[in-house]
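Student:
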Amino acid sequence: MSENYKFVQNTKCEYFPCHKVKNESEFNCLFCFCPLYMLGDKCGGNFTYTDNGIKNCSECTLPHSKNGYDHVMSKMSLVMEKGRKKED
Numbered sequence: 017m018s019e020n021y022k023f024v025q026n027t028k029c030e031y032f033p034c035h036k037v038k039n040e041s042e043f044n045c046l047f048c049f050c051p052l053y054m055l056g057d058k059c060g061g062n063f064t065y066t067d068n069g070i071k072n073c074s075e076c077t078l079p080h081s082k083n084g085y086d087h088v089m090s091k092m093s094l095v096m097e098k099g100r101k102k103e104d
């Protein structure tokens, strides 16, 4: 089975690449906005927090890497749990 759905690149985007990388040909745009942002320190990426407490992912290329799709999918159960409606 093909796995082409795991990699998308938009070289025409005005922000491409949105992070500094060594090899632009391997930059994956599939997760333009990281779905793991909401996990805070449990996302597994390279992030910092600003003085104001805002998560800064500007140095993180994990979702844009070769194995980024697999990493994001491995964390989706945590994302879904955070979004699940809590019963009163």
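One gets the working numbering by counting positions in the sequence shown from 1 and adding 16 to each.
Glycine included, C-beta positions come from ideal geometry on N, C-alpha and C.
Hey, is the segment 24-31 in contact with the segment 68-76, meaning 3+ C-beta pairs nearer than 8 Å?
Tutor: The segment 24-31 vs the segment 68-76: no contact.
Student: Could you check the C-alpha separation between Glu42 and His87 for me, to the nearest Å?
Tutor: The residue you call residue 42 lines up with position 26 of the sequence shown. The residue you call residue 87 lines up with position 71 of the sequence shown. If I take the Cα positions, the gap works out to 16 Å.
Student: Quick check on the DSSP output: the alpha helix (DSSP H) that includes Tyr85 runs from which residue to which?
Tutor: Here the question's residue 85 lines up with position 69 in the sequence shown. Per DSSP, Tyr85 belongs to the alpha helix (DSSP H) from Gly84 to Gly99.
Student: To the nearest whole angstrom, what separates the beta carbons of Lys22 and Met54, a pair I think is in contact under 8 Å?
Tutor: For the purposes of this step, residue 22 is taken as the residue at position 6 of the sequence shown. For the purposes of this step, residue 54 is taken as the residue at position 38 of the sequence shown. Between Met54 and Lys22 the Cβ distance is about 22 Å, and since that is not below 8 Å, they are no contact.
Student: Note down the Cα distance separating Glu19 from Leu52, rounded to an integer number of angstroms.
Tutor: For the purposes of this step, residue 19 is taken as residue 3 along the sequence shown, with counting starting at 1. For the purposes of this step, residue 52 is taken as residue 36 along the sequence shown, with counting starting at 1. Whole-angstrom Cα-Cα distance: 21 Å.
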